[in-house]
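Here the sequence shown is numbered in full-length UniProt numbering, starting from 1 and rising by one per residue. By construction, the Cβ of each residue, glycine as well, lies at the ideal position given by its N, Cα and C atoms.
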Amino acid sequence: MNDFDPANATQSSAVVENSTTGSEEGGNSKRQKILPKTLESKSFAIKDFEGNKEDQEDYIANTMATYKKNLTDRSEHQLGYPFNLEYDYKDLNQLMPFSINNIGDPFIGGDCGNHSRPFEVGVLDWFAEFMKIEKNEYWGYITSCGTEGNFHGILTGRKMFPNGILYASKESHYSIAKAIDMFSMKWVQVETQVSGEIDYHDFKTKLLANKEFPAIVVANIGMVFVVGTTMKGAVDDIDFIIQILKEGGISQDRFYIHCDGALSGILLPFMECEKKVISFKKPIGSASISGHNFIGCPITCGVLITRKDYINFHSRNIEYIASQDATIMGSRNGHAPIFLWHALNREGCKLIQKQVEECLKNARYLKGCLCKAGISAMLNESSIIVVFERPKDEELIRKWQLASQGNVSHVVVMPHVSVAMLNTFLDELISKRLTWYKDEIPPCLEVDIGKENCTCALHKC
1 MNDFDPANAT QSSAVVENST TGSEEGGNSK RQKILPKTLE SKSFAIKDFE
51 GNKEDQEDYI ANTMATYKKN LTDRSEHQLG YPFNLEYDYK DLNQLMPFSI
101 NNIGDPFIGG DCGNHSRPFE VGVLDWFAEF MKIEKNEYWG YITSCGTEGN
151 FHGILTGRKM FPNGILYASK ESHYSIAKAI DMFSMKWVQV ETQVSGEIDY
201 HDFKTKLLAN KEFPAIVVAN IGMVFVVGTT MKGAVDDIDF IIQILKEGGI
251 SQDRFYIHCD GALSGILLPF MECEKKVISF KKPIGSASIS GHNFIGCPIT
301 CGVLITRKDY INFHSRNIEY IASQDATIMG SRNGHAPIFL WHALNREGCK
351 LIQKQVEECL KNARYLKGCL CKAGISAMLN ESSIIVVFER PKDEELIRKW
401 QLASQGNVSH VVVMPHVSVA MLNTFLDELI SKRLTWYKDE IPPCLEVDIG
451 KENCTCALHK C
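Written out as C-alpha cells, the structure reads:
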C-alpha cells in the first residue's frame, strides 16, 4: 500500500484504497525516522509539597518565570512558522476568569449559557462576506485550527460522494493525509510544478483515468486540492481546476472542492490576483482559513465556511446540549471567537491591507538579500514565504525556528517580522555559510526551486 508522503510522489493514476502516515520499507510497516533533529521535550513536574504553601508558590512562580523568559526569546526568533505575534489583547484579560464553551451549532441556542456565539456569528458573517457568499446561504463555525476545517470540508465531500476519489497534490498539508486515514478514502496523488502549484496536466491525466468516479478535490491556497502548499506558499488556480473537471466530463453535481486557505486565503483578496481568491461565486463546497496565522491570536483557531445545504450531511439533534451537532469537535473554545472579533474590529480591512503590503515588501527584500549573497532562494508571486537553501547548522535552524524539508528551509514574513529582524538573521546566516562552504560547493537546488532561482556553480541565477 502506498503512503501519502509528499517526499514519495507517485506518477501512477492508480487509486489508493487507503493511506497510513509515515513510510514503509520493503514488507515492513516500521515508521521511517524523518525527524532526527527533534529534541526530547522537557517536563515541568507536578509536585506534591505536602502542605508547604510557600515552597509550592515559589516553585510555580519560578517555573512560570522561566517559561515566560523562554517564550520571549523564542518569539524574537520566530521566522519559520505562520504565527503573527503582533497583537495586543490586554483588554480581554477581564474575560479570563470565565469558562466559555461554544458547544453545538453556533446558529442555534442551547442550554449552555456561558457561550460567545454572538461573537462567533459576527466573525463568521465577516468571513462569509469576505468569501462572497450570502448570510442565508452559508454555514460555518470557529474551529480549533486549520486542520479541523480541512477535516470538516473533506468529510462533507466524503458524505456527498461515498464512492468519490480525493485528489490531493503531493505538496498538500499533512492534515490531508490524516483525513484520508480517518475517513478511509480512496485517493490519487497529483504531481506539482517546481513552484509547488499543482501540475494541471498531471491532474487532468489522472482525473480522466478515473472519470467514472465523482471527484473530491482539495485546492491549496498558499499553504493546502484541497487548494495551497505548505512549504512554498503556492496557490492552486481554482478556475483552471474547475475547467479541467468540466472538460473531463465531471459535471458540477459530481465534484466537490474544498479550499485550504490556511495562510494565503486571507491575503489574496488584498492583492491583485482575483482569479485565485476563495469565492463561493465559484462552484466550491467549503473553505477553511487559519485564525492564528495572519490575523494573530494567542489561541490556535480557524474558520470553516461551507454551503448551508451541505450541513444536512452532518447535523444531528442532541438532547443533552439542546442543540444540533454538525461540528467535528464537541466542546469548542469560546474565547477564540472573541479574540478574532476583537482583532477584526480593531484592525479592519484597511490595516490588513497595509500589513499585507508590508509583508510582501519585506519578503521581496529578504529574497533579494539572499540572492545578492549567492544563496539560492525562491519567492512565489503573491506569497510571503521565502524558500531557500537549507542551512547546514541544525542549531541555527532551531534558533530561528526555520521550517525545513529536504534541501530547503523557509521564512514566513509575518507582520511581526521586521527588516531589523531579517537583517539580524541574514548576518548570522551569511557569516556561518562562509565557513560551511569554505572548502565545499553549495548544493544545486534546481529540482527544489527551479534553475532560475538556483545560485549553484552551474546555474548562477
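Scanning 307, 219 and 254 for the CA closest to the CA of residue 132 turns up 307.
Residue 436 counts as exposed, since fewer than 16 other beta carbons sit within 10 angstroms of its beta carbon. Setting aside the 5 residues that flank it on each side, residue 155 is surrounded in the same chain by 183, each with a C-beta closer than 7 angstroms to its C-beta; the list follows chain order. Of all C-beta pairs linking the segment 116-129 to the segment 340-348, three or more are shorter than 8 angstroms, placing the two stretches in contact. By the C-beta criterion, the segment 429-444 is judged not to be in contact with the segment 351-365, since fewer than 3 inter-stretch pairs fall below 8 angstroms. As a beta-bridge residue in DSSP terms, residue 388 pairs with 377 and 409. Between the segment 68-75 and the segment 279-292 there are fewer than three C-beta pairs closer than 8 angstroms, too few to call the two in contact.
A direct Cα-to-Cα measurement between residue 411 and residue 84 gives close to 13 angstroms.
Taking 9 angstroms as the cut-off, the beta carbon of residue 80 is found no closer than this to the beta carbon of residue 370. Below 8 angstroms, enough C-beta pairs join the segment 378-398 and the segment 257-267 to call them touching: three or more.
For residue 45, no alpha helix (DSSP H) segment is defined, and its DSSP state is neither H nor E.
About 37 angstroms separates the beta carbon of residue 324 from that of residue 415, a gap too long to meet the 8 angstroms contact definition.
Under the DSSP definition of a beta bridge, residue 290 partners with 302. Contact between residue 188 and residue 198 fails: their C-beta atoms lie close to 12 angstroms from each other, not under 8 angstroms. The beta carbons of residue 304 and residue 140 sit closer together than 9 angstroms.
The way I'd put it, the segment 239-249 doesn't touch the segment 143-152; fewer than three beta-carbon pairs between them come closer than 8 angstroms. When rounded, the separation of the alpha-carbon atoms in residue 114 and residue 338 is 13 angstroms. In terms of Cβ geometry, residue 357 and residue 396 do not form a close pair [threshold 9 angstroms]. The segment 248-259 and the segment 87-98 do not touch, with fewer than 3 CB-CB distances between them shorter than 8 angstroms.
The three-state secondary structure of residue 255, taken from DSSP, is strand.
When the beta-carbon positions are compared, residue 216 and residue 161 come within less than 9 angstroms of each other. DSSP places residue 117 in the helix class (H, G or I) of the three-state scheme.
Straight through space, the alpha carbons of residue 45 and residue 56 are spaced by roughly 12 angstroms. Close CB contacts of residue 454 within its chain, under the 7 angstroms cut and outside five residues either way in sequence, are with 376, 444, 445, 446 and 461 (chain order). Partner residues in the beta bridge of residue 101, as assigned by DSSP, are 333. Counted as a single uninterrupted DSSP element, the alpha helix (DSSP H) harbouring residue 206 occupies residues 200-209.
The C-beta separation of residue 295 from residue 336 comes to about 11 angstroms, leaving the pair out of contact by the 8 angstroms criterion. Judged by DSSP secondary structure, residue 189 falls within the beta strand (DSSP E) whose first and last residues are 186-190. Listed in chain order, the alpha helix (DSSP H) elements of length 4 or more contained wholly in the segment 142-197 are 146-160 and 174-182.
Within the DSSP bridge table, the entry for residue 436 names no partner. Taking a C-beta distance under 9 angstroms as the contact criterion, residue 149 and residue 157 do not qualify as a contact pair.
Judged by DSSP in its simplified three-state form, residue 52 adopts coil rather than helix or strand. Residue pairing by DSSP places residue 220 opposite 260 in a beta bridge. When rounded, the separation of the alpha-carbon atoms in residue 301 and residue 280 is 22 angstroms. Of the candidates 398, 422, 94 and 347, 347 places its Cα closest to the Cα of residue 126. At the C-beta level, residue 194 and residue 448 come within 9 angstroms of one another.
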